[in-house]
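Everything on this sheet refers to the single structure shown next.
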Amino acid sequence: MRRQLGSRHPIRHLEGARVHPVPFRGPALPRRSLAPRAPRLGALAALLALVGLAACAPQGPRGGYARPSAPLVGGGALAEAPVTRVAVLLPLSGPQGALGPAMLNAATLALFDANLRGVELMPRDTTGSSGGASEAVRSAIADGARVVVGPLTGPETTAAAGQARAAGVPVLAFTNDVEQGGNGVWVTGVTPSQQVRRLLASAQAAGVRRIGLAGPEGAFTRQLANALRNASREAGMAAPVIVTYPAAASRPQVAGQVVSQAGTEAVGLMIIGESGAGARELAAALAAAGIGAPATRIGGPTLWAGDAALAAEPALAGALVPGPDPAARASFEGRYQAAFGDRPPRLAATAYDATAAALRSVRPGDPTTPAAPPVGEVLQGADGAFRLLPNGQVQRALAVYALTPGAEPQPVEPPVLPGAAGS
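Under full-length UniProt numbering, residue 423 is the last one in the sequence shown; the count climbs by one each step, no gaps.
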């Protein structure tokens with residue numbers, strides 16, 4: 001039998017599976033490889049059916065979910081026993097509703113990999129809005145959640161964080177907005193700071209003494225700039241060249257500003273803080289102004305890895321991009337695709353990692369003990385190793401890739417987990 005999770009995520013081997021609304025419980029499973037073996041996938045598919053189809057069940061206007069009188073997994077009744085509840089706040093409807101089920105799949109895979117008994121994931125629909133996130137976290141805490149995974153964006157995190165902090169419930173948000181971190185909230189998305197610091201480490205190892213940044217005005221460029229200033233100072237490098245500009249600015253004019261600010265001192269790496277056509281135009285303008293290969297390497301954000309058109313721009317051939325541990329990501333994608341039949345979207349890995357950290361925060365079968373996120377521990381996630389810091393930030397072991405015309409970005413440097421707090 002073949003059933004559909006959400007709109008695009010097929011579930012396999014569901015004979016005999018019973019579907020119920022959330023919460024759902026992780027079954028007791030043997031500790032063995034997640035290689036795609038039919039019995040293991042059958043068990044996973046049954047679990048996923050319980051979660052994913054429940055997440056898409058009819059809901060109230062704020063995404064409330066009905067409680068079952070007798071939770072079932074895989075067709076068998078479970079004895080009532082104390083369980084620890086982990087809320088997962090996702091956009092299961094609304095403009096980003098297509099992304100939510102895939103991220104829920106990844107969260108479920110994290111529970112399956114952890115092989116825990118006595119833990120429930122409670123999906124809650126945020127509708128992709130601040131109001132929805134506020135109601136979702138209120139509902140989850142009222143239903144006994146000890147830790148919250150999600151929500152997706154910075155504004156949603158702001159809306160949810162206050163109630164969670166008041167209740168003493170930690171939040172592992174998917175956002176990459178570093179300003180959201182702290183006081184019980186961790187930012188698990190790949191942040192501008194993480195990206196800049198990995199590129200700087202690569203450049204410094206190659207003997208570069210000065211780095212530049214050009215990006216459109218806005219929060220993303222501001223965070224890139226702050227991270228570059230701090231990281232350059234900490235590394236003993238020269239003060240960086242930083243140029244910001246309105247989104248509608250002429251890219252040749254921007255390139256002229258970069259040349260003017262750089263002066264006679266060499267810039268060994270130039271980071272472009274935008275994507276799409278703007279990045280292509282600026283790279284070409286910089287090259288025409290004398291800032292480009294071979295003297296200056298171009299770098300960009302992780303988003304570049306998903307845009308094949310960027311590599312087709314001659315000025316961006318070989319450009320450096322930070323990204324996940326290739327081996328860890330390939331393993332995650334293989335397990336996910338074996339279970340669901342689809343390749344996971346990029347943000348599914350963040351959902352996996354945040355859920356893995358949340359599961360390390362709780363005591364299975366103990367719903368009364370407050371969650372304690374594993375600050376300082378090195379955890380292995382879908383995108384590689386990562387570490388929660390006391391200030392609500394996260395360190396990630398990022399690799400470095402090079403844009404390759406006509407092909408996927410190629411890894412050129414292995415993942416490195418920073419050792420210093422704040423990296």
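C-beta: ideal position from N, C-alpha, C; glycine also.
Can you have a look at residue i and say buried or exposed, based on whether 16 or more other CB atoms are within 10 angstroms of its CB?
i           : result
residue 233 : exposed
residue 395 : buried
residue 260 : exposed
residue 366 : exposed
residue 370 : exposed
residue 105 : buried
residue 309 : exposed
residue 250 : exposed
residue 136 : buried
residue 368 : exposed
residue 253 : exposed
residue 95  : exposed
residue 337 : exposed
residue 102 : buried
residue 264 : exposed
residue 145 : buried
To the nearest angstrom, how far is the alpha carbon of residue i from that of residue j?
i           : j           : result
residue 163 : residue 121 : 19 angstroms
residue 240 : residue 227 : 11 angstroms
residue 112 : residue 290 : 53 angstroms
residue 343 : residue 117 : 28 angstroms
residue 376 : residue 386 : 9 angstroms
residue 231 : residue 168 : 33 angstroms
residue 217 : residue 176 : 18 angstroms
residue 405 : residue 298 : 15 angstroms
residue 273 : residue 150 : 26 angstroms
residue 382 : residue 129 : 26 angstroms
residue 348 : residue 107 : 8 angstroms
residue 238 : residue 229 : 9 angstroms
residue 334 : residue 314 : 32 angstroms
residue 359 : residue 221 : 33 angstroms
residue 330 : residue 418 : 22 angstroms
residue 361 : residue 354 : 11 angstroms
residue 379 : residue 416 : 14 angstroms
residue 311 : residue 277 : 12 angstroms
residue 364 : residue 98  : 31 angstroms
residue 407 : residue 87  : 39 angstroms
residue 193 : residue 81  : 43 angstroms
residue 210 : residue 307 : 27 angstroms
residue 246 : residue 258 : 14 angstroms
residue 286 : residue 127 : 41 angstroms
Quick one: grab the DSSP three-state call for residue i.
i           : result
residue 398 : strand
residue 177 : coil
residue 216 : strand
residue 251 : helix
residue 113 : helix
residue 387 : strand
residue 333 : helix
residue 20  : Low local confidence applies: a pLDDT of 28 at residue 20 is under 50, so the model's placement there is unreliable, with the coordinate-based value given in what follows. Of the three classes helix, strand and coil, the one that applies to residue 20 here is coil, per DSSP.
residue 125 : strand
residue 27  : Because the pLDDT at residue 27 is just 36, under 50, the model does not fix this residue reliably, and the value given afterwards should be weighed accordingly. Coil at residue 27, not helix or strand.
residue 101 : helix
residue 380 : strand
residue 312 : coil
residue 416 : strand
residue 374 : coil
residue 231 : helix
residue 359 : helix
residue 429 : Only positions 1 to 423 of the chain appear in the structure, and residue 429 is not among them; the question remains open.
residue 185 : strand
residue 120 : strand
Are residue i and residue j closer than 8 angstroms when you measure CB to CB?
i           : j           : result
residue 214 : residue 282 : yes
residue 173 : residue 191 : no
residue 114 : residue 372 : no
residue 195 : residue 301 : yes
residue 171 : residue 154 : no
residue 212 : residue 262 : yes
residue 132 : residue 143 : no
residue 109 : residue 100 : no
residue 119 : residue 84  : yes
residue 293 : residue 318 : yes
residue 152 : residue 123 : no
residue 139 : residue 160 : no
residue 242 : residue 255 : no
residue 236 : residue 391 : no
residue 303 : residue 275 : yes
Should residue i be counted as a contact of the ligand PLP given a C-beta to heavy atom distance under 7 angstroms?
i           : result
residue 162 : Although the ligand PLP was asked about, the structure shown includes no ligands whatsoever.
Does the pairing of the stretch 193 to 210 with the stretch 261 to 272 give three or more beta-carbon distances under 8 angstroms? With the cut-off at 8 angstroms, the stretch 193 to 210 and the stretch 261 to 272 touch.
Is the stretch 396 to 414 touching the stretch 192 to 201, taking contact as three or more C-beta pairs under 8 angstroms? yes
Validate contact between the stretch 320 to 337 and the stretch 401 to 418 using beta carbons, cut 8 angstroms, 3 pairs: yes
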